[in-house]
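**Student:** Below is the structure I would like to discuss, written out as structure tokens.
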Amino acid sequence: MTMISKFAMRLYKGFLQIRWLLRLYMVKLKLTLKGVEFRIGKGSFFPSSASLDGTAGIGKIRIGDKVYIGRYSIIHSKELVSIGSNCLIADMVTIRDSDHCFSQLDKPICEQGFDIAPVVIEDNVWLAAKVTVTKGVRIGRNSIIAANAVVITDVPPDTIFGGIPARELRRR
Ligand SMILES: CC(C)(COP(=O)(O)OP(=O)(O)OC[C@H]1O[C@@H](n2cnc3c(N)ncnc32)[C@H](O)[C@@H]1OP(=O)(O)O)[C@@H](O)C(=O)NCCC(=O)NCCS
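All you need for the working numbering is the position in the sequence shown, starting with 1, plus 44.
Here it is as structure tokens:
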């Protein structure tokens, strides 16, 4: 593969997953790509290995100002993932607003559709490395989620949560 075709391939993949466009981190960005709405605030930064994507026509990802998203983090939206300003999202964090439905034993899970609920992360939240945030969760402002936690319930403001499932470790 020539250098040019390698570059074109990379650009194409980046276009699909809004990887490279997010290098325009000094401007506010509002755009719809492949039917997914993205709003990215000023000063937010994303490395090329972070992946932001969603379901065409319904997915929305809203990110405030001065948000840092770490390497290999994944944000996937089928309805809404909203992240406030000044948030720190460490490496290998996963945030998703959906689960697979699985109530029917006689049907493959992949044919049972999705259970969807928006995820809201308020301002000045730090999600440490390898945190997973599941559907329907709201994380209150100024809170911290310790490394490796799986967040399945709301987190109040000004609180440190950790563990699987994540529970309050202490107030800040
Ligand atoms: C949460 C964190 C910031 C430490 O907060 P802290 O309040 O100073 O924590 P402490 O070491 O005093 O521990 C307080 C309690 O939380 C527990 N705890 C700390 N980190 C935890 C974790 N990741 N998971 C579960 N429990 C944890 C401790 O065991 C302790 O429990 P105890 O009171 O029952 O003994 C730190 O543990 C952490 O997760 N750092 C993230 C590192 C990282 O991912 N960096 C990426 C850079 S962006």
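C-beta atoms are modelled at their ideal positions from N, C-alpha and C, and glycine is treated no differently.
Determine the contact status of residue 91 and residue 106, defining contact as a CB-CB distance below 8 angstroms.
**Tutor:** Translated into the one-based positions of the sequence shown, residue 91 becomes position 47. Translated into the one-based positions of the sequence shown, residue 106 becomes position 62. Contact flag unset, no.
**Student:** So who's on the other strand from residue 80, going by DSSP bridges?
**Tutor:** What you label residue 80 is simply residue 36 of the sequence shown in a count that begins at 1. According to DSSP, which records beta bridges pairwise, residue 80 is partnered with 77.
**Student:** Taking a cut-off of 5 angstroms, which residues have a beta-carbon closer than that to any heavy atom of ligand 1, in chain order?
**Tutor:** That query returns the following residues: 134, 172, 173, 190, 191, 206, 207, 213.
**Student:** With C-beta atoms as the reference, is residue 124 less than 8 angstroms away from residue 97?
**Tutor:** The residue you call residue 124 lines up with position 80 of the sequence shown. The residue you call residue 97 lines up with position 53 of the sequence shown. For residue 124 and residue 97, no; Cβs fall outside 8 angstroms.
**Student:** Assign residue 50 to one of three DSSP states: helix, strand, or coil.
**Tutor:** Indexing the sequence shown from 1 puts residue 50 at position 6. The answer is helix: DSSP assigns residue 50 an H, G or I state.
**Student:** State the DSSP-derived secondary structure class of residue 133, mapped to helix, strand or coil.
**Tutor:** In the sequence shown, residue 133 corresponds to position 89, counting from 1. Correct three-state label for residue 133: strand.
**Student:** On the DSSP letters alone, give me the boundaries of the beta strand (DSSP E) that residue 166 sits inside.
**Tutor:** Taking the sequence shown and counting its residues from 1, one reaches residue 166 at position 122. Where residue 166 is concerned, there is no enclosing beta strand (DSSP E), given that its DSSP letter is neither H nor E.
**Student:** Between residue 160 and residue 215, what straight-line distance do the alpha-carbon atoms span, to the nearest angstrom?
**Tutor:** For the purposes of this step, residue 160 is taken as residue 116 along the sequence shown, with counting starting at 1. For the purposes of this step, residue 215 is taken as residue 171 along the sequence shown, with counting starting at 1. Their Cα atoms are separated by approximately 30 angstroms.
**Student:** Short of 7 angstroms in beta carbon distance, which residues of its chain neighbour residue 207, apart from the five on each side in sequence? Order them along the chain.
**Tutor:** Here residue 207 corresponds to residue number 163 of the sequence shown, with the count starting at 1. Only 193 meet the Cβ criterion.
**Student:** For the region 98-130, list the beta strand (DSSP E) runs that are entirely contained and at least 3 residues long, ordered along the chain.
**Tutor:** For the region 98-130, whole beta strand (DSSP E) runs of length 3 or above, ordered along the chain, are 104-107, 118-121, 125-127.
**Student:** Taking residue 206 as part of the beta strand (DSSP E), name the residues at either end of that continuous run.
**Tutor:** Here residue 206 refers to the residue found at position 162 when the sequence shown is read from its first residue. Unbroken beta strand (DSSP E) run through residue 206: 203-206.
**Student:** Work out the CA separation of residue 205 and residue 212 for me, nearest whole Å.
**Tutor:** As a first step, residue 212 is located in the sequence shown; it is residue number 168 there, counting from the start. As a first step, residue 205 is located in the sequence shown; it is residue number 161 there, counting from the start. Approximately 4 angstroms, taken between the alpha carbons.
**Student:** Where residue 134 and residue 174 are concerned, what is the direct C-alpha to C-alpha distance, given to the nearest angstrom?
**Tutor:** As a first step, residue 134 is located in the sequence shown; it is residue number 90 there, counting from the start. As a first step, residue 174 is located in the sequence shown; it is residue number 130 there, counting from the start. Answer to the nearest angstrom: the Cα atoms are 7 angstroms apart.
**Student:** Helix, strand or coil: how does DSSP classify residue 183 here?
**Tutor:** Within the sequence shown, residue 183 is the residue found at index 139, counting from 1. Strand, per DSSP.
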